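Trainee:
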Amino acid sequence: MRALFSAICVFFLTFITASAQNSPDCRTAIPVCADAPIMGVTDGSGDIDDFDPEVITQTGCLEKGSVSSANIENNSGWFVFRAGTDGQIGFDIEAVPVNPGGPITAEWDFALYGPFDQTAGQNFCTIIGDGTSQPIRCNYEYNDTGFTGIGVNPVDGREGAPFVKSSQNTYDEWLDVNAGEIYYLYINNYNTNFDEEPESFILTFTGSSVDEDQNTALDCTLRDEFLGLDIVACEGDPDITLSALNSPAGSDIASVEWTVDYDDDGTIDATLVGSGPFGAELVVSSPNSGRYFAEITTASGTPPTVVDQGGILITFYGIPNLTVNVLDDFVNSDQTDPYNVEFIPDGDGDYEYAINGGEFQDDPIFYDVPPGMNTVIINDKNGCGTSDPIPFLIVGYPKFFTPNGDGVHDNWNVYGVEQLSNPMVFIFDRYGKLLKQMDLNFGWDGTFNGRDMPSSDYWFRLDYDRDDEGVLVATQVRRHFSLVR
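For reference, each letter of the sequence shown is one residue, going -20 to -1, 1 to 465 in mature numbering (1 follows the signal peptide of the UniProt record, and there is no 0).
1) Is the beta carbon of Tyr347 closer than 7 angstroms to that of Asn320?
2) Measure the CB-CB distance between Ser435 and Val464 and report whether it falls below 7 angstroms.
3) What would DSSP say about Thr201, mapped onto helix, strand or coil?
4) Do Thr221 and Val253 have their beta-carbon atoms positioned less than 7 angstroms apart in this structure?
5) Thinking C-beta only, is Asn168 closer than 7 angstroms to Ala86?
6) Candidates Trp439, Leu420, Lys416 and Phe440: which alpha carbon is nearest Arg431's?
7) Within 10 angstroms of its Cβ, does Leu414 collect 16 or more other Cβ (buried), or is it exposed?
8) Can Ser189 and Gln38 be called in contact, C-beta distance under 7 angstroms?
9) Which of helix, strand or coil does DSSP assign to Arg7?
10) Suppose contacts are defined by Cβ-Cβ distances below 7 angstroms. Is Gly131 in contact with Thr186 by that definition?
11) What number of angstroms, rounded off, separates the C-alpha of Leu102 from the C-alpha of Asn362?
12) Pairing CB atoms from the stretch 391 to 411 with CB atoms from the stretch 131 to 148, are three or more of them under 8 angstroms?
13) Would you check if the stretch 231 to 251 and the stretch 267 to 277 touch, i.e. whether three or more CB-CB distances between them fall below 8 angstroms?
14) Please classify Gly109: does DSSP put it in a helix, a strand, or coil?
15) Give the range of the alpha helix (DSSP H) segment to which Val375 is assigned.
16) Do Cys6 and Cys105 come within 7 angstroms of each other at the CB atom, strictly closer than that value?
17) How would you write the range of the beta strand (DSSP E) that Glu153 sits in, first residue to last?
18) Under a three-way DSSP split, which group does Gln456 fall into?
19) Would you tell me roughly how many angstroms separate the C-alpha atoms of residue 473 and Cys214, rounded to the nearest one?
20) With a threshold of 6 angstroms, establish whether the CB of Ser231 neighbours any heavy atom of the ligand GDP.
21) Give a yes or no on contact between the stretch 242 to 251 and the stretch 279 to 286, applying the rule of three or more CB pairs nearer than 8 angstroms.
22) Quick check: what's the CA-CA separation for Met404 versus Leu442?
23) Looking at C-beta atoms only, is the number of pairs between the stretch 72 to 92 and the stretch 187 to 206 that lie closer than 8 angstroms three or more?
24) Would you kindly work out how many angstroms separate the C-alpha atoms of Gly45 and Asn123, rounded to a whole number?
25) Which residue's Cα is closest to the Cα of Val157: Gly81, Thr65 and Thr112?
26) Quick one, are the C-beta atoms of Leu225 and Pro11 less than 7 angstroms apart?
27) Thinking just about the alpha-carbon of each residue, which of Gly81, Ala16, Ser3 and Ile84 is nearest to the one in Asn51?
28) Is DSSP giving Ser235 helix, strand or coil here?
29) Excluding the 5 residues preceding and the 5 following Phe380 in the sequence, name in chain order all residues of the same chain whose CB lies nearer than 8 angstroms to its CB.
30) Buried or exposed: where does Gln114 fall if 16 or more other Cβ atoms within 10 Å of its Cβ makes it buried?
31) Express the C-alpha separation of Pro371 and Pro350 in angstroms, rounding to a whole number.
32) Output yes or no for whether 7 angstroms exceeds the beta carbon distance between Ile357 and Pro369.
33) By DSSP, does Asp448 sit in helix, in strand, or in coil?
34) Counting C-beta neighbours from all protein chains within 10 Å, is the total for Val422 16 or more, i.e. buried, or is it exposed?
35) Please classify Asn173 as buried or exposed, where buried requires at least 16 other C-beta atoms within 10 Å of its C-beta.
36) If Gly337 sits next to Cys364, beta carbons under 8 angstroms apart, how far is it from one beta carbon to the other, in whole angstroms?
In structure tokens:
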């Protein structure tokens, strides 16, 4: 019979539904640096989806609370900064009364996430939002100084310490940073978390690095990347809204022109129409991957234009098709033992693979794969899904069999022998005596003339015609296996 199983077999995968958390406020975090105190405002409502409300009930020392419909993120703001030098960093969050001289009504909490490597290709807001990344500093304690942060409370001089509930210490320990590290700061107004009324605070960076050189402690060029860090998303995720409002131009905007390089090859492919104030927002829908740019024309003309030179790369990962390339078995190579296979995804995601329910590995090549029918699953490490088990066949022979009537390995055969052309299998004892020309439909049951053969090594000869680039070549394989009773 002709070989029906080719060297390369294509399977189309159906993925289990999974979606990367699309964290809008975190993703549009305001880039800040240590050049001056920053006036901050929280204007989020009490049910925002930066944290998955079905999964995240606690992140660090911050808790969801007793309101079942609420997210752990309340009336909040997000900031992002990049360390400019090695050293020590802290910050103060100072409450500002709604009315000058009036009482402080806000109760500020914070969580700090990082350090992140900008070259890692991760979607940082996704791993924050799904709980994969936990905060390295956080605090929700209350005291009457009106300050919280990292380092030393400037009002009472109390030094920061690891969070302890009811300690009334609103400061955490200093942060030791390395140049280039990215950190996300989440600031939350718990006291007025559901009234949707914005309240203000002052954010000031502190620490020995800031004291040594305020201009380099935090990298202010991050503000030129005002569209944010690159985004990884899944096909079918909610729309992504880009905003140019965090640019160094501030409110000095007359208009914004949006362009896109879909192939990320240095060639602008289209000019797009923005929306919102000054056209400063752009909605990107799946699966429109590409590098997006914003060019701001200022109202004052000083400077006349502001551009995020690097733009922001948005990559939507979809469901890949998978090619199973059996490298070595009786059909596909002269090497008939061990059997090796390679999985080739049709996609540019970050994948890992597992066969037969085993551990995942990044390497798509598996060595010493068992003969017979196997299964592979592929997992998208960006959170875009895991496939159902996909079968593939290795044409080869088992190293042993156990004909004891328990229904497991009771017969010996060449697995997938029906895929070979004109196969014949002969069984010999260790002295070369022919015991059986096998019935390929049933295999060998370990008997000779109705008598059980003893536990020992036995030899087989497999004759078949192998397809060598369209030419059938007579092939013979001699190997041994074990009968175990």
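Note that the Cβ used here is the ideal one computed from N, Cα and C, for glycine as well. Because the structure is a prediction, the values reported are computed rather than measured.
Mentor: Here's the rundown:
1) yes
2) yes
3) helix
4) Cβ atoms of Val253 and Thr221: not closer than 7 angstroms.
5) no
6) Lys416
7) So Leu414 counts as exposed.
8) no
9) helix
10) Cβ distance < 7 angstroms, so Gly131 and Thr186 count as in contact.
11) Just to set this straight, residue 102 is Gln in the shown sequence, not Leu. Gln102 and Asn362: Cα-Cα distance of roughly 8 angstroms.
12) no
13) yes
14) Residue state for Gly109 is assigned as helix, using DSSP reduced to three classes.
15) It is not in any alpha helix (DSSP H) - Val375 carries neither H nor E in the DSSP assignment.
16) Contact: yes.
17) Neither: Glu153 is in no beta strand (DSSP E) and is coded neither H nor E.
18) strand
19) Examination of residue 473 is not possible in this model, given that the chain is present from -20 through 465 alone.
20) The model depicted lacks the ligand GDP and carries no ligand whatsoever.
21) With a cut-off of 8 angstroms on Cβ pairs, the stretch 242 to 251 is not in contact with the stretch 279 to 286, counting fewer than three such pairs.
22) One C-alpha to the other measures close to 6 angstroms.
23) No contact exists between the stretch 72 to 92 and the stretch 187 to 206.
24) 19 angstroms
25) Thr65
26) No, the pair does not count as a contact, with Cβ atoms beyond the cut-off.
27) Ser3
28) Shown here, Ser235 sits in a strand according to DSSP, grouped into three states.
29) His389, Phe461, Ser462, Leu463 and Val464
30) exposed
31) 13 angstroms
32) Yes, they are a contact pair.
33) Here Asp448 sits in strand by DSSP.
34) Just to set this straight, residue 422 is Phe in the shown sequence, not Val. Classification of Phe422: exposed, given that the 10 Å Cβ count is below 16.
35) Here the model assigns Asn173 a pLDDT of 47, short of 50, so the residue's position is not dependable, and the following value carries that caveat. Counting Cβ neighbours within 10 Å, Asn173 comes out buried, since at least 16 surround it.
36) Gly337 to Cys364, Cβ: 21 angstroms. No contact.
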